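First comes the structure, then the notes that go with it.
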Amino acid sequence: MTRITAQPGIMDIALYQGGRSQLAGVTDVLKLSSNENLLGAPPAAGAALVQAAQGMHLYPSTDHAPLRAAIGEVWGLDPERLICGVGSDEVLQFVSQAFSGPGDEIIYTEHGFSMYPILANMAGATPVCVPENERVVDVDAILAAVTERTRIVFLANPANPTGTMLANGELDRLADALPDYVILVIDGAYVEFATDYDGGISLARSRPNVLVTRTFSKIYGLGGLRVGWGYGAPALIDVMTRIRQPFNLSVVQLAAAEAAVRDTDWVKDCAALNVEQRARLTGALRQLGLACDDSHANFVLARAQSEAEADAAEAALNADGILIRRVGGYGFPTGLRITVGNAEQTGRVIAALTRWREGATP
Ligand SMILES: Cc1ncc(COP(=O)(O)O)c(C=O)c1O
């Protein structure tokens, strides 16, 4: 018998399920299961990566100063209030690990991103799930769940997998009402796809207990490279930096992300295309009898009437080489989350579902 035991919470972790990337026997797979940017990364990012690889025998910078400076310049932020991580997942891990532990509680919402309870368990804290209201984060439900043990509230705005957003003013109301010992983390993985929204930056600028996170994995097309960042009060950043590994980002990650963030035209063009194709996909899904909320992200969550109908729709898409994400684990057994692609890719989705509705596919 061994006396080796895992730390509290670790054995409660259910492994993260990523979107599928392969279909047996299909070579021309259209992967719409992970909300990636199917246009890829800005070309300048690839060039910077290749160039940086020349220096891969040397350790990267420990303070990420050039990348933080670039993010600061582009977004109008003080680089001293920024921290960079291996994807925004790592930044979310910094905050949970640095500010919570056994006996503490971390609040997340009913259909919230599945990493939130995992991160709570990793830290030994207790994940506390609160209801949403018709697939939208419910500020009152969050406030009702706050106790003296609460350390962090995690929410994404826009949210994944619903694509919904809090109404104007709701984030401020939440930040105003939370006790000052609770950190509000506003996860902005999909911010660039939303309009008229600063991603919580003004709240994080003015409050000591609000942290904003962002990623290069979505609109910047760098999901395979793994870079994200957080913005918050210097005291928060100072604590998190102490647990960040000194060389967490490689020379190629740093160089590519820096080039990507400076390509603001790329982001603008991708966002515009997404708005157009998202509206087209949403309209077509509704016409085909698949309900969906208005999405503010680069995906749409379609809801079938039954699990059997969702299975059939997925089978029809798969038969056409299209992979989407089933989101039963997020409380939507009849849900199909579909990443928005370009005009041709969106057309392929609509055509496959139309054929299915017309009875031409299983
Ligand atoms: C809401 C949300 N937050 C954070 C992430 C993590 O992204 P990354 O670690 O690639 O930055 C994702 C990825 O899908 C997400 O959907």
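Residue numbers (my numbering): 58 to 419. Glycine included, C-beta positions come from ideal geometry on N, C-alpha and C. Just so it is clear, the structure is predicted and the values come from calculations on it, not from any experiment.
Could you tell me how far apart the beta carbons of residue i and residue j are, in whole angstroms, since I believe they sit closer than 8 Å?
i	j	result
SER145	ALA261	The Cβ separation is near 14 Å, so there is no contact.
LEU345	THR411	7 Å
PRO123	GLY129	Actually they do not touch by this definition, with Cβ atoms about 11 Å apart.
VAL284	ALA127	About 12 Å separates the two Cβ atoms, so there is no contact after all.
ILE240	GLY256	With a Cβ gap of about 16 Å, ILE240 and GLY256 do not count as contacting.
ASP161	ARG208	4 Å
ALA105	ALA313	5 Å
THR183	LEU212	The Cβ separation is near 17 Å, so there is no contact.
GLY97	GLY278	5 Å
ALA369	TRP413	7 Å
ILE140	VAL148	6 Å
Would you say the beta carbon of residue i is closer than 8 Å to some non-hydrogen atom of ligand 1?
i	result
ALA246	yes
ASN217	yes
SER91	yes
GLY256	no
SER157	no
ARG283	yes
LEU149	yes
ASP146	yes
MET172	yes
SER263	no
ALA102	no
SER118	no
THR420	Here the chain has residues from 58 to 419 only, and residue 420 is not among them.
THR396	no
PHE250	no
ALA213	yes
PHE273	yes
GLY388	no
GLY97	no
THR270	yes
GLY280	yes
Could you tell me which residues DSSP puts in a beta bridge with residue i?
i	result
THR183	GLU162
THR15	Nothing can be reported for residue 15: it is not among the residues displayed for the chain, which extend from 58 to 419.
PHE8	With the chain covering only 58 through 419, there is no way to say anything about residue 8.
LYS88	LEU380
PHE356	THR396
THR272	GLY285
VAL242	PHE211 and LEU268
ALA348	ARG360
CYS141	TRP286
VAL296	Looking at the DSSP assignment, VAL296 forms no beta bridge with any residue, so it has no partner.
ASN190	VAL193
Excluding five sequence neighbours on each side, which residues of the same chain lie with their C-beta closer than 6 Å to the C-beta of residue i?
i	result
GLU93	GLY280
GLY76	SER90, SER91 and ARG382
THR339	CYS349 and VAL357
ALA316	ALA101, ALA102 and ALA105
Grab me the residues of residue i's own chain with a C-beta within less than 8 Å of its C-beta, minus the 5 sequence neighbours each way, in chain order.
i	result
GLN150	GLY142, LEU176 and MET179
THR391	ARG360, ALA361, GLN362, SER363, GLU364, GLU366 and ALA367
PHE389	HIS168, PRO218, LEU358 and ARG360
ALA292	PRO265
VAL187	ILE164, TYR165, THR166, GLU167, ASP195, ALA198, ILE199, ALA201 and ALA202
ASN355	ASN92, ASN94, TYR247, PHE250, LYS275, ILE276, ASN331, ARG335, THR396 and VAL397
MET113	SER307, VAL308 and VAL309
Quick one: residues in its chain with C-beta nearer than 7 Å to the C-beta of residue i, no 5 flanking neighbours on either side, listed in chain order?
i	result
LEU80	VAL86, ASN375, GLY378 and LEU380
ARG69	It is Asp, not Arg, that sits at residue 69 in the sequence shown. If we look at ASP69 and ignore the five residues flanking it on each side, its Cβ neighbours are ASN178.
GLN310	LEU282, ARG283 and VAL284
ARG304	One detail in the question is off: residue 304 reads as Phe in this sequence, not Arg. For PHE304, where only same-chain residues beyond five positions count, the Cβ hits under 7 Å are TYR116, PRO117 and THR119.
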